[in-house]
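Q: In the working numbering, the protein residues as written are 15 to 1077.
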């Protein structure tokens, strides 16, 4: 009987930028060769373990879980360059559950404690976590092999004796067949000889890094990308491909025992991973209560807290939901999330929930969600139903500046080692693969850029691939056909496309474990030093990470904006705003939206949405919910119909009377996924579980699933509802049109609520809200300019930084104008470029302690900080922050003497006269006469403001053309919003930025950013126009431009055909 060969040393593409095989391809190749088992041993990680395990099980192959570890030269704690960047390798395979758990520990420890260039283990860890593991010393990079290479037999014996002591009969020598590698044959002979001498069995392996021999160059390219260099990383004839059993028997015919020993290892390795169970952390509840009973009590107590009447409808809904939650075993999950959210709110952290959780009355009554599902007719079954597998997903939004505080609370409550953020993988996408391969092969960047730009961008959930791009894009297809260099680039780009490139931190996913997280998943550190999981959320089918449910906690900027606006309203006006109880019928808010004054609101801003809101004239929260759902690619086309039906009820029709109950709030139009489910349940007799499958099938538009559902739906409508076939067909066609774009109604309700709240704050507390917006986007010059333009429209004055009034960020200040008390927004000190946090805080602290700075000398004497230097004092002066203490031009002219004076004060005892004390009196600084100088020119002031603040504050270069622009009525903001596609217009403004590019035909063209007092616009200058007017395309030049309007992706641009300089 022939000995079976099983690959025990394989690397997948999760050996990042080192290996090529995707897990399905690796398993498929083994299956096709008749292998009954297969091991995965990625480099120092377990990223792919669960995917590998599932795929093997699905294909009736025995999965062997392993890791190809890096072993520290000394200990994992030693990190001395030149010594500890050298390391050896060690393969460990799990025999049982204990071994698997120990692999989790070893990988985690190697990352958290032993990382130095690579994640490393050491003898201490090996000895501690050896139980349940088989250990193989690799042929090439093993510690024993390294000693034998240099004939250090004494060292080799010491290492062997130590490993034999730890692992006994579970310790093996690996031998491989790579005769093309220099010294491999001699090394193999030494290993075999030492194996016999020390009674250590040998085992055959091939160290797989790619599946086919012809993929060797693709792997070299991958290594080149990893090191950002070109060239080959292995010999011309090296072969680290996936060999067949027949090849293996040939390669190891002289050492048959090496193949026989493989089966011994395979027989010992019997890991079963429980991937179906979920484990929740324990949460404190009162004695004599269990999670089910306590959730019931907190839910019923929420009726009164929410100010609701205890009706039969509410009681029935509560009992229905609680029964499903109890049967699924998720009561503790609700209590944990409720505790988290209620803690956040108790410490002033603003929250919201996304997704279908808003369809749960239990969630609402436990203050998890903010919208009443009964009031808004949100079905619970879209969130949870008896037949729907998986954990309910309660997506929590947190004010982004406080997200870390929420995670810290979880660590404090459940233990630091019980909490981790979820890792996620960045893969090599189509465009990036092309650029990477171009660089690795040494082709010009411009060629890779040309190819990449011909590959269309993918959509969310539908990433673009190179093959799809070749089918879709004629220009790409033609270039590929004609150019051999392009053929080579695309050939290898397709081979590395989809490979994992790096691991990073998921934006929202957090795990909370009932014990240590590394009892369930290996962990490591991200770039910021935060603990993340090596298993991603797909190991738990998007619900979590192998046994641990995902807590979705996403930082949202708009919630921080709301929090800051409410805080300012309380501080300045003494008004306490409770968002949970604001008036949802506030006319001021709806009037503002109807006028299209949406800038800075959540989900409702943008040109297209603004225009539709003007037409819609929203009157209630339902309208806002609908617009949040409709304003997306696809359903956007139905917005005019929605608006028309709202304004003219006679246009509202229903295919069948039963549809009225479902679609009346949306004027007979299917908008939400929930609509589709309700139609299936009410009209076709589906169960909620069947309706959920129906929703998914319609959304994904998979032909076989669609056909199955069509037959079921037709039969159900006929048998259950007695509906005519022609009506069913028309109903099916309508559902088919909308279902792919249907939106989660509960999600629309939640986001619609936040959209309303931001609109409410802007309408009723404009200066507070605009200040909060500026604070949130203070680092984005374009956004700041946009918000300041909106402030001007709202008659809110925005003032430059001031040494005596500014804090670190934007703030509201009081001032008097013609005897009238007014408010304005003042720039913060940290909004100034080239001005650091340290000196800003020093100035604010001194001013708070000692009062305002009375004069220039008073400022220089009191601010004794090493960061007050030429760079920082110039920045303060040029942006206007020192205007209350002196004229800009004169301060700049005297800068060296002012800094010397500041230094002299710091170096001399207070009672000792400085050299400056000998100078004449009667100057700005006692004893110091400022040199006379010309005042700064207006154009210089504006230029400095633009340089340091990102925009003009004290004036504008277009001021001298104000009358002309006013007469012509060429306001960029109005023209962008009101000009239809292809209309010819003239605008005037200042050129902010010019970006020149080359077209496919190597002709120059430009994208130009032009702004005026109101807004900015992208101007596209094609090659012919560029040649005629390139002398005018300079930053800071005032110009008039004529062209046609282009609207794409909710952005308006001008395709220019003529320019003229304003003089």
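Where is the CB? At the ideal position from N, CA and C, for every residue including glycine.
Considering only the alpha carbon of each residue, which of 551, 691, 502 and 535 lies closest to residue 521?
A: Sequence index remark: in the chain shown, residue 521 carries index 507 (1-based). For the residues 551, 691, 502 and 535, the minimum Cα distance to residue 521 belongs to 551.
Q: In this structure, what does DSSP give as the bridge partners for residue 811?
A: The count along the chain shown starts at 1 and reaches residue 811 at position 797. Its beta-bridge partners are 838.
Q: On the DSSP letters alone, give me the boundaries of the alpha helix (DSSP H) that residue 773 sits inside.
A: Here residue 773 refers to the residue found at position 759 of the chain shown. Taken as a continuous stretch (DSSP letters only), the alpha helix (DSSP H) holding residue 773 covers 759 to 778.
Q: Work out the CA separation of residue 871 and residue 939 for me, nearest whole Å.
A: Working through the chain shown from its first residue, we reach residue 939 at position 925. Working through the chain shown from its first residue, we reach residue 871 at position 857. Bear in mind that the predicted position of residue 939 carries a pLDDT of just 48, short of 50, making it too unreliable to give a figure here.
Q: For the pair the stretch 209 to 216 and the stretch 474 to 493, tell me if three or more CB-CB distances fall below 8 Å.
A: No, they do not touch.
Q: For residue 1058, which residues in the same chain have their Cβ closer than 6 Å to its Cβ, ignoring the five residues on either side in sequence?
A: Residue mapping note: residue 1058 aligns to position 1044 of the chain shown, counting from 1. Excluding sequence neighbours, residue 1058 sits near 996, 998 and 1069.
Q: By how many angstroms is the C-alpha of residue 103 removed from the C-alpha of residue 160?
A: As a position in the chain shown, residue 160 is number 146, starting the count at 1. As a position in the chain shown, residue 103 is number 89, starting the count at 1. Approximately 10 Å, taken between the alpha carbons.
Q: Compute the Euclidean distance between the alpha carbons of residue 295 and residue 571, then round it to the nearest angstrom.
A: The residue labelled residue 295 in the question sits at position 281 within the chain shown. The residue labelled residue 571 in the question sits at position 557 within the chain shown. If you take the alpha carbons of residue 295 and residue 571, they lie about 29 Å apart.
Q: The beta strand (DSSP E) that contains residue 103, what's its start and end?
A: What you label residue 103 is simply residue 89 of the chain shown in a count that begins at 1. Start and end: 101 to 108.
Q: So, residue 365 versus residue 358, is the Cβ gap smaller than 9 Å?
A: For this step, residue 365 is matched to residue 351 along the chain shown. For this step, residue 358 is matched to residue 344 along the chain shown. Closer than 9 Å, so yes.
Q: Alpha carbon to alpha carbon, what distance is there between residue 679 and residue 392?
A: Walking along the chain shown from the start, residue 392 turns up at place 378. Walking along the chain shown from the start, residue 679 turns up at place 665. So the two alpha carbons sit approximately 12 Å from each other.
Q: Flag this pair as touching only if the stretch 910 to 923 and the stretch 859 to 874 have three or more C-beta atom pairs under 8 Å; answer yes or no.
A: They touch, by the three-pair rule.
Q: Give the C-beta separation of residue 349 and residue 297 to the nearest angstrom, bearing in mind that I take them to be a contact with Cβ-Cβ under 8 Å.
A: Against the chain shown, residue 349 aligns to sequence position 335. Against the chain shown, residue 297 aligns to sequence position 283. Yes, residue 349 and residue 297 are in contact; Cβ-Cβ is about 5 Å, under 8 Å.
Q: DSSP three-state label for residue 89, please.
A: Start at 1 with the first residue of the chain shown, and residue 89 comes out as number 75. Residue state, collapsed to three classes: coil.
Q: Rank 740, 645, 632 and 750 by C-alpha distance to the C-alpha of residue 689 and give the top, closest one.
A: By 1-based counting over the chain shown, the position of residue 689 is 675. It is 750.
Q: I'd like the span of the alpha helix (DSSP H) that includes residue 911, first residue to last.
A: Numbered from 1 along the chain shown, position 897 holds the residue referred to as residue 911. Residue 911 -> alpha helix (DSSP H) spans 909 to 921.
Q: Put residue 1045 into one of helix, strand or coil per three-state DSSP.
A: Working through the chain shown from its first residue, we reach residue 1045 at position 1031. Looking at residue 1045 - three-state DSSP - the assignment turns out to be helix.
Q: Suppose you measure from the CA of residue 985 to the CA of residue 654; what does that come to, to the nearest Å?
A: Working through the chain shown from its first residue, we reach residue 985 at position 971. Working through the chain shown from its first residue, we reach residue 654 at position 640. Between residue 985 and residue 654, the C-alpha separation is close to 27 Å.
Q: Among the residues of its own chain, which have a CB less than 6 Å from the CB of residue 508, if the five just before and after it don't count?
A: Translated into positions along the chain shown, residue 508 becomes position 494. Only 480 meet the Cβ criterion.
Q: Can you tell me whether residue 787 is buried or exposed, with buried defined as 16 or more other CB within 10 angstroms of its CB?
A: Translated into the one-based positions of the chain shown, residue 787 becomes position 773. When all chains shown are included, residue 787 counts as buried.
Q: Please look up how many angstroms separate the CB atoms of residue 80 and residue 107, rounded, as I've assumed it's under 8 Å.
A: Residue numbering aside, residue 80 sits at position 66 when the chain shown is read from its first letter. Residue numbering aside, residue 107 sits at position 93 when the chain shown is read from its first letter. So it is a contact: roughly 4 Å between Cβ atoms.
Q: Based on Cα-Cα distance, which residue from 448, 454 and 517 lies nearest to residue 494?
A: On the chain shown, residue 494 is found 480 positions in, with the first residue counted as 1. Comparing Cα-Cα distances from residue 494 to each of 448, 454 and 517, the minimum goes to 448.
Q: Where do the ends of the alpha helix (DSSP H) carrying residue 717 lie?
A: Along the chain shown, read from residue 1 onward, the residue named residue 717 stands at position 703. Per DSSP, residue 717 belongs to the alpha helix (DSSP H) from 717 to 735.
Q: Inspect the beta-carbon positions of residue 291 and residue 561 and report whether they are closer than 9 Å.
A: Here residue 291 is taken as the residue at index 277 of the chain shown, counted from 1. Here residue 561 is taken as the residue at index 547 of the chain shown, counted from 1. Yes, the pair counts as a contact, with Cβ atoms nearer than the cut-off.
Q: Here's the rule: buried if 16 or more other CB atoms are within 10 angstroms of the residue's CB, otherwise exposed. What is residue 167?
A: Sequence index remark: in the chain shown, residue 167 carries index 153 (1-based). By the neighbour-count rule (16 or more Cβ atoms within 10 Å), residue 167 is not buried but exposed.
Q: For the stretch 304 to 320 against the stretch 255 to 272, do three or more pairs of beta-carbon atoms, one drawn from each stretch, fall closer than 8 Å, so that the two count as touching?
A: No, because fewer than three Cβ pairs between the stretch 304 to 320 and the stretch 255 to 272 fall closer than 8 Å, the two stretches do not touch.
Q: Are the Cβ atoms of residue 656 and residue 685 separated by less than 9 Å?
A: Sequence index remark: in the chain shown, residue 656 carries index 642 (1-based). Sequence index remark: in the chain shown, residue 685 carries index 671 (1-based). Result yes, Cβ atoms of residue 656 and residue 685 sit closer than 9 Å.
Q: Can you say whether residue 389 is buried or exposed, counting buried as having 16 or more other CB atoms within 10 angstroms of its CB?
A: Stepping through the chain shown from its first residue, residue 389 is reached at position 375. When all chains shown are included, residue 389 counts as exposed.
Q: Among the candidates 693, 785, 799 and 377, whose CA atom is the shortest distance from the CA of residue 748?
A: Position 734 of the chain shown holds residue 748. The candidate whose alpha carbon is nearest that of residue 748 is 693.
Q: List, from N- to C-terminal side, the alpha helix (DSSP H) runs of 4 residues or more that fit wholly inside the stretch 15 to 42.
A: Complete alpha helix (DSSP H) runs here, min 4: none at all.
Q: Among residues of its own chain, excluding the 5 on either side of residue 1043, which ones have a beta-carbon nearer than 6 Å to its beta-carbon?
A: Taking the chain shown and counting its residues from 1, the one referred to as residue 1043 is at position 1029. Same-chain partners within the cutoff: 1073.
Q: With burial defined as no fewer than 16 other Cβ atoms inside 10 Å of the residue's Cβ, what is the status of residue 921: buried or exposed?
A: Indexing the chain shown from 1 puts residue 921 at position 907. Counting Cβ neighbours within 10 Å, residue 921 comes out exposed, since fewer than 16 surround it.
Q: Just checking my contact of residue 817 with residue 899 at CB under 8 Å: how many whole Å lie between their CB atoms?
A: Start at 1 with the first residue of the chain shown, and residue 817 comes out as number 803. Start at 1 with the first residue of the chain shown, and residue 899 comes out as number 885. Yes, residue 817 and residue 899 are in contact; Cβ-Cβ is about 7 Å, under 8 Å.
Q: State yes or no: is the C-beta of residue 121 within less than 9 Å of the C-beta of residue 151?
A: Residue numbering aside, residue 121 sits at position 107 when the chain shown is read from its first letter. Residue numbering aside, residue 151 sits at position 137 when the chain shown is read from its first letter. Cβ atoms of residue 121 and residue 151: not closer than 9 Å.
Q: Closer than 6 Å by C-beta to residue 979: which residues in its own chain qualify, once you throw out the five before and the five after it? Chain order, please.
A: Residue numbering aside, residue 979 sits at position 965 when the chain shown is read from its first letter. Correct list, in chain order: 1002.
Q: In chain order, what residues of the same chain lie with their CB nearer than 7 Å to the CB of residue 540, ignoring the 5 residues before and after it?
A: Along the chain shown, read from residue 1 onward, the residue named residue 540 stands at position 526. Counting only Cβ-Cβ distances below 7 Å, and skipping sequence neighbours, we find 518, 519 and 546.
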